[in-house]
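Before any comments, here is the structure.
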Amino acid sequence: MITLLRYFGLPPNYSVQGAEIDQMIVWVHWLMLILFVGWGTFFIYTLFRYRRSKNPKADYIGVKRHYTKYAEIGVVCFEALLLIGFAFPAWANRVREVPPEEGAVVVRVVAEQFVWNIHYPGADGMFGEADINRIDPQTNPLGLDRSNAGVDDIVTINQLHLPVNRPIVIHLTSKDVIHSFSLPVMRVKQDAIPGMSIPVLFEATETGEWEIACAQLCGLGHYRMRGFLTIETGLAFEDWLAEQAAELEEEGGEWWE
Amino acid sequence: MEIPFTVEARPDTGLENPKLGMWLFLASEVMLFGALFSSYILLRTGASSWPIQSQEVNVVVGTVNTMILITSSVTMVMAWASLKMDNFKNFRIYLMSTIFLALVFLIVKIFWEYIPKFHHGHYPSTNTFYALYYTMTGLHGLHILGGILINAYFLIPGSKMWKKDRKRFTNRIELAGLYWHFVDLVWIFLFPTLYLL
Amino acid sequence: MTTTTTTAKDVKKHSRVYFTVFGVLALLTVLTVAVASLELAVGIGIGVALTIAVLKVSLVASFFMHLISEKKLIFIILIFAVLFIMALIFLPLSDALTNVGTKNVP
Amino acid sequence: MSDDTGHEESFWRKYIFSIDHKIIGIQYGITGLAFLLIGFSLIALMRWQLAYPEEPLPWIVFAAIPALIGIAVILMGGKKRPYLSMSGLIFIGLGALIWYFVSGEERMPGAIMLPEFYNQLGAMHGTIMVFLGVVPLAVGGFGNYVLPLQIGAPDMAFPRINMASYWSYVSGGVIMLVSFFVPGGAANSGWTSYPPLADIATTGQTLWLFGMVFLITSSLLGAVNFITTVIQLRAKGLTWMRLPFFVWSQFISAFLLLLAFPPLEVAGIFQLMDRLAGTSFFLPSGLVVSGQIIAVSGGGSPLLWQHLFWFLAHPEVYVLVLPAMGIVAEVIANNTRKPLWGYRSMVYSAIFLGIMSFIVWAHHMFLTGMGTTIAAFFQTTTMIISIPSVVILTALFISLWGGSIRFNTPMLFALGFLPMFGIGGLTGLPLGLAPSDVHLHDTYYVIGHFHYVVAPGTIFALFAGIYYWFPKITGKRMNEKLGKIHFYGSFIFMNGVFMPMFIQGLAGVSRRLWDGGAEFLHAQPFLYLNEVMSVSAWLLGLAQIPFIINLVRSIRSGEKVSSNPWGATTLEWAAAPSPPIAHGNFKTLPEVHQAAYEYSVPVEGDGTSDFIPQNQPDKEHVDK
Ligand code: HEA
Ligand code: HEA
Ligand code: CUA
Ligand SMILES: [Cu+2]
Chain A
826 MITLLRYFGL
836 PPNYSVQGAE
846 IDQMIVWVHW
856 LMLILFVGWG
866 TFFIYTLFRY
876 RRSKNPKADY
886 IGVKRHYTKY
896 AEIGVVCFEA
906 LLLIGFAFPA
916 WANRVREVPP
926 EEGAVVVRVV
936 AEQFVWNIHY
946 PGADGMFGEA
956 DINRIDPQTN
966 PLGLDRSNAG
976 VDDIVTINQL
986 HLPVNRPIVI
996 HLTSKDVIHS
1006 FSLPVMRVKQ
1016 DAIPGMSIPV
1026 LFEATETGEW
1036 EIACAQLCGL
1046 GHYRMRGFLT
1056 IETGLAFEDW
1066 LAEQAAELEE
1076 EGGEWWE
Chain B
6 MEIPFTVEAR
16 PDTGLENPKL
26 GMWLFLASEV
36 MLFGALFSSY
46 ILLRTGASSW
56 PIQSQEVNVV
66 VGTVNTMILI
76 TSSVTMVMAW
86 ASLKMDNFKN
96 FRIYLMSTIF
106 LALVFLIVKI
116 FWEYIPKFHH
126 GHYPSTNTFY
136 ALYYTMTGLH
146 GLHILGGILI
156 NAYFLIPGSK
166 MWKKDRKRFT
176 NRIELAGLYW
186 HFVDLVWIFL
196 FPTLYLL
Chain C
241 MTTTTTTAKD
251 VKKHSRVYFT
261 VFGVLALLTV
271 LTVAVASLEL
281 AVGIGIGVAL
291 TIAVLKVSLV
301 ASFFMHLISE
311 KKLIFIILIF
321 AVLFIMALIF
331 LPLSDALTNV
341 GTKNVP
Chain D
14 MSDDTGHEES
24 FWRKYIFSID
34 HKIIGIQYGI
44 TGLAFLLIGF
54 SLIALMRWQL
64 AYPEEPLPWI
74 VFAAIPALIG
84 IAVILMGGKK
94 RPYLSMSGLI
104 FIGLGALIWY
114 FVSGEERMPG
124 AIMLPEFYNQ
134 LGAMHGTIMV
144 FLGVVPLAVG
154 GFGNYVLPLQ
164 IGAPDMAFPR
174 INMASYWSYV
184 SGGVIMLVSF
194 FVPGGAANSG
204 WTSYPPLADI
214 ATTGQTLWLF
224 GMVFLITSSL
234 LGAVNFITTV
244 IQLRAKGLTW
254 MRLPFFVWSQ
264 FISAFLLLLA
274 FPPLEVAGIF
284 QLMDRLAGTS
294 FFLPSGLVVS
304 GQIIAVSGGG
314 SPLLWQHLFW
324 FLAHPEVYVL
334 VLPAMGIVAE
344 VIANNTRKPL
354 WGYRSMVYSA
364 IFLGIMSFIV
374 WAHHMFLTGM
384 GTTIAAFFQT
394 TTMIISIPSV
404 VILTALFISL
414 WGGSIRFNTP
424 MLFALGFLPM
434 FGIGGLTGLP
444 LGLAPSDVHL
454 HDTYYVIGHF
464 HYVVAPGTIF
474 ALFAGIYYWF
484 PKITGKRMNE
494 KLGKIHFYGS
504 FIFMNGVFMP
514 MFIQGLAGVS
524 RRLWDGGAEF
534 LHAQPFLYLN
544 EVMSVSAWLL
554 GLAQIPFIIN
564 LVRSIRSGEK
574 VSSNPWGATT
584 LEWAAAPSPP
594 IAHGNFKTLP
604 EVHQAAYEYS
614 VPVEGDGTSD
624 FIPQNQPDKE
634 HVDK
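Protein chains in written order, with the working numbering: chain A, 826 to 1082; chain B, 6 to 202; chain C, 241 to 346; chain D, 14 to 637.
This is the structure we're talking about:
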């Protein structure tokens, strides 16, 4: 089934959590396929068998036995199994109530029309305070307070770099309207809602470069609200962070004047 | 061909069409105001701060208005009861009192609540409480206005029917009453929600 | 009370009920305002106010709107309306209250 | 209030402000079809942009086709039928509308569609199709025309309210169309109008909200009327379990409309307040749009809108499909010449479906940061609600077994409905399970899912209904050959439009993209499908030409038929002439003695007739 779905467009999955989701997709599609083929065959056969020219007199009763009841009970059981066996646990894993942040890479993603602002806590591991009154579209899109914990925070636009094989926690929010943060190959999607900060958990299993798509209509630029996701080895990720930190240092002067 | 059961009840359901129609309409009104209350609860529990309501609104005026509406409900039901007792004169008096009380309610609402609030610079845009306050009482006020118009219609032009078809007219007043009591009933919830809690 | 079965005499009797109900309603109004001014704990305050409101509403509905002797069909329709509203209130509410993962940010 | 005293009614009373349910039904039907056509035209333009992003639209072709059809309709209608000819103006008006779209610099400079305008078309396509096209046609049109006839009633319970409902609907529709002409154009935040986007959108959104208020009023008035009619005006002997399934489906839809719309009305009022009075019901604190702090008090909740909207919109989708199921059930019973299999289970399922549909709404909101318990609740209810649909569909499938199936045009469309709704319903399942919805939410998979249920599903059922009840309305039959061309053309191209959407959806292509995904790498391998879908959509449009010709020609000079050409059991055929008499329907109100679908009753066997009409009194030998 997974090969079939692959053939029909499902991209490969490169995250730990995605496997669960794919499993779910596969199982429902089995159910759908069984029902579709089963009833489809019945349907076509019946149309053919009971056409008027072949069967001029209809049978008042039709089907007498209770096969259908069994078929329906079968569907119920299958759906119950999907729910209890797959959906509930998978969802619970996905929205762990309090995200475990130890050992994880924690990033803030702030959506706005039509870019993704990525906010790393920097060397001190602490996010600086953000305040809308400090926002400057050119120099400080997040309204970050650069004086305290924010001094070493790294802010990029549309560039999300993350290490492979490490748990990742993204705190997702939005500045203006509702967006939806979508990483198809990671099987990650989450609405970014202003006024709310929603944790997104996943762990990548493969390095590579992909895109961040926006899935929720957010205005005229919705179609071009594209970010870039780079999954790299831990070392490369550290290097990249260091590079960003150095750049920050250089520009430093202008930033918090 | 006449449509059956507009005046007489259908034997197996025991209802006349207009009465069933009115109750269905009221069911949808339950959903309308229910959704308002639902929004109120969700917004309030989600809010980071909420004003102390009894300091923002005028509880005395609210209480007076509550009393006015309750009284108008009694006069309304008495208007219908008078028709039942074939007392058209009392009906007129009671219905007129209902309309009068409803007008007083609106006048009090506008001149002792809305206008002073505007003077203090409290507009719907001030905060979520005021947004809800104006929207909910406003919608309720529109319903009151609707009730006044309906009752006024039955007081003057509509009451000609009394001579032609007493039963039908009485039924109509009963329905107008159902509506009016419902408006009262909504206020009974609105009052504690917006003034006391 | 279907209009077909009520006689003028019944109505006269009912009028007395209406005024009694009115008295109770007025009393309850005073009561709820009085309780509110006591400044009880939030939970109790809401509980009392809502109980009184529900009481008043049932009085109006039962007697003024004759719901007490109305056909079952109408009851059923209203009950569904009330149930659906409860769903609309409590389902989102319970998520807002239990969901600690998502935070409100200013 | 109704008069059969024979005095001549004025033209206005008779055709425009009529209170006869049949005229109102026809008015609803024609207006609904016209909006269906407009809804389709909007998407036809959008599909150009999706297939060939940023290429100028060959608008002459797009405008000329409806204009030519319009001229043809006018000519075919001839002088003798001014009303028929006048309906040609709808098509010409449509051509003009397309020309208007292209002519505006702020919409399509150089005939190239701007993203803003694409969003307007998308939002209005959804709105028009759902609220102005399908529901008015299915509920307002068929419901009004057929339901009183099927229950043996002289009219709706409240004829004047019925008229008010229609005119409220028209007002809503006009407001929606007018919104294309205001500065900034029509609403452009999707048919779902999610705030904050919709709160800060252009004026069109305000008009959208006003329009919705009228449409909501119309639906509420209609719903009260339908429910009262079914409860109060059933003919003598027409017990609940003898009601045709169509009546049940309308009855339940009416309840859904009655109880689900008011919360949307509240939401609409809130959004109007947000837009006009500066409140922040749906605006949280601290919004910054394009670097500007939004000066409002804040403290609101964007999710509140979603709850209120989907509280309506989920029941609404069952309003879209229940009447369709009703029509299909009628047509299938009639053309298999046997009773529906499991009629009772279908009725109970439909009731259950109606009740459940009020507590599944948040399956549209799985990705709004929902916690585990609530997600579990809504996943469970969503899975539960799929069961009654399965039961109804199963019953319809099984009903075919043992039948003597007549493949006439209505039956073809009804049969087409079954697998199409099946596909749409089945693809609802992965969406209803939160984990798989993570991947599929807001992709073309969702678009594919619901179009399968509403377009080849509901629209096919509506076509089946038009072909089936046309003889009732006009006393003439529609042409079978054209009907079959219409069916096969529509069937092929419907699948051509919507099947590829599942592929794009699985690939993760978002919906509502102006360029159909051309911006994104992961969409590249599937961009060619955009062209496939667009071409199919246009051909689908052309496949409606035989239908339009058929409609006009049959009205003008269709084959005359008896009052019960299909040999049907239900009252509208068995007890009323075709067309039924104005104001009153029946010469005498019928009395019912039979269940709804007594076809091929075994003992009857005298060979002359294979059905027992509902109003036929029991003979001794029928007492099985
Ligand atoms: C008529 C309309 C209609 C109907 C009937 C349905 C029916 C269902 N819908 Fe659908 N839905 C919509 C219209 C409809 N939907 C619309 C318009 C949207 C999108 C709105 C938007 O975002 O713009 C939507 C979106 C939508 C979502 C949200 C997706 C997302 O945004 O992420 C979900 C999620 O749970 C869902 C689920 C379901 C389910 C479980 C059913 C079930 O009721 C289906 C049950 C049916 C079956 C299970 C079929 C059984 C079939 C057989 C037994 C036989 C098969 C045989 C053959 C094919 C031969 N729908
Ligand atoms: C009932 C609902 C309904 C129906 C029937 C349709 C029908 C169709 N829809 Fe629509 N669609 C929606 C509801 C519907 N849609 C909604 C809610 C959305 C989401 C909007 C949003 O994003 O907010 C959407 C979005 C949507 C999109 C996605 C846009 C995007 O995400 O950017 C697409 C893309 O192809 C599409 C295509 C089509 C097509 C090709 C049809 C075809 O099936 C059309 C078939 C119709 C006809 C061929 C017309 C028949 C007309 C006649 C027969 C006229 C006769 C007239 C007279 C005689 C007077 N639709
Ligand atoms: Cu951001 Cu769509
Ligand atoms: Cu739904």
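Positions of the beta carbon are idealized from the N, C-alpha and C atoms, including for glycine.
Note that the structure is a prediction, hence the values are computed from the model and not measured.
Members of the segment 375-387 of chain D that neighbour chain C once the beta carbon cut-off is set at 8 Å: Ala375, Gly382, Met383, Gly384, Thr386, Ile387
Interface residues of chain B facing C:Ser309 [CB-CB closer than 8 Å]: The premise fails here: C:Ser309 is roughly 11 Å from chain B at the closest Cβ pair, so nothing lies under 8 Å.
Check the DSSP bridge columns for A:Thr981 and list the partner residues they point to. BP columns for A:Thr981 point to A:Ile943.
So the beta strand (DSSP E) A:Leu997 belongs to, where does it begin and stop? Run containing A:Leu997: 992-999, per the beta strand (DSSP E) assignment.
Within 10 angstroms of its Cβ, does D:Ala211 collect 16 or more other Cβ (buried), or is it exposed? buried
Who are the Cβ neighbours of A:Ile995 in its own chain at under 6 Å, not counting the five residues just before and after it? Val932, Val934, Val1025
Any C-beta of chain C under 9 Å from that of D:Leu316: Answer yes: the Cβ-Cβ gap between D:Leu316 and chain C drops below 9 Å somewhere.
Name, in chain order, the residues that DSSP records as bridge partners for D:Asn598. Bridge partners of D:Asn598: D:Ile594.
Report all residues from its chain with a CB closer than 7 Å to the CB of D:Gly435; omit the five preceding and five following residues, and keep chain order. Leu406
With distances taken from CA atoms, which of D:Thr242, D:Leu428, D:Ile498 is nearest D:Tyr162? With the sequence shown as reference, residue 162 of chain D is identified as Leu, and Tyr is not the correct amino acid for it. Among D:Thr242, D:Leu428, D:Ile498, the Cα nearest to that of D:Leu162 is on D:Thr242.
Could you have a look at D:Phe294 and say whether DSSP puts it in helix, strand or coil? coil
Can you tell which of A:Asn958, A:Glu927, A:Gly968 has the C-alpha that lies nearest to the C-alpha of A:Pro943? Checking the sequence, you will find Ile at residue 943 of chain A rather than Pro. Comparing Cα positions, the closest option is A:Gly968.
Residues bridged to A:Cys1039 [DSSP beta-bridge criterion]: A:Phe1006
First and last residue of the uninterrupted alpha helix (DSSP H) at D:Val183: 172-191
D:Ser376 versus D:Leu442: straight-line alpha-carbon distance, rounded: The sequence given here has His at residue 376 of chain D, not Ser. Those two C-alpha atoms are separated by around 11 Å.
Quick check: the segment 52-70 of chain D against the segment 165-172 of chain D, are at least 3 beta-carbon pairs closer than 8 Å? no
With a threshold of 9 Å between beta carbons, is D:Met14 in contact with chain C? Any reading at D:Met14 must be qualified, since the residue scores a pLDDT of 38, below 50, and its modelled position is unreliable; the value itself is stated next. No, its Cβ sits nowhere closer than 9 Å to a Cβ of chain C.
Could you confirm whether any beta carbon from chain B is found closer than 9 Å to the beta carbon of C:Ala293? yes
Within its chain, find whatever has a CB closer than 8 Å to the CB of B:Gly152; leave out the 5 residues flanking it on each side and keep chain order. Ala107, Ala181, Tyr184, Trp185, Val188
Going by the beta-carbon positions, is the gap between D:Ser399 and D:Leu335 smaller than 9 Å? With contacts defined by Cβ atoms closer than 9 Å, D:Ser399 and D:Leu335 do not form a contacting pair.
Quick one: list the residues of chain F neighbouring C:Asp250, beta-carbon separation under 8 Å, in chain order. Within the model displayed, chain F is absent; protein chains A, B, C and D are what it includes.
Do D:Met176 and D:Ser31 count as a contact pair if the criterion is CB distance below 9 Å? yes
Three-way DSSP call (helix, strand, coil) for D:Asp528 in this model: D:Asp528 falls in the coil class under three-state DSSP.
I want to check one thing, is the minimum distance from the CB of D:Gly571 to the heavy atoms of ligand 2 below 8 Å? no
Identify every residue that forms a DSSP beta bridge with A:His986. A:Thr1055
When the Cα atoms are used, what is the spatial distance from A:Pro946 to A:Leu997? 14 Å
When DSSP builds the beta bridges, which residues end up paired with A:Asn965? A:Asp961
Quick check: what's the CA-CA separation for D:Arg255 versus D:Val404? So the two alpha carbons sit approximately 19 Å from each other.
So with Cβ pairs under 9 Å, would you call C:Ser302 a contact of chain D? No - not a single Cβ of chain D is within 9 Å of the one on C:Ser302.
In chain order, what residues of the same chain have a beta carbon less than 6 Å from the beta carbon of D:Trp579, not counting five sequence neighbours either side? So the qualifying residues of the chain are Asn347.
When you compare only the Cα positions, how much space is there between D:Ala236 and C:Phe303? 27 Å
For a cutoff of 9 Å on Cβ pairs, would you count A:Phe867 as touching chain D? yes
Exposure label - D:Asn628; buried when at least 16 CB within 10 Å: buried
Do you know offhand how far B:Val54's Cα is from B:Leu47's? Here residue 54 of chain B is Ser; the residue named in the question, Val, does not match the sequence. Distance from the CA atom of B:Ser54 to the CA atom of B:Leu47, rounded to whole angstroms, is 13 Å.
Considering only their Cβ atoms, is the gap separating D:Gln62 from D:Tyr131 smaller than 9 Å? yes
Could you list the residues in the segment 55-87 of chain B with a C-beta less than 8 Å from some C-beta on chain C, going in chain order? Ser59, Val64, Thr68, Thr71, Met72, Ile75, Thr76, Ser78, Val79, Met81, Val82, Met83, Ala86
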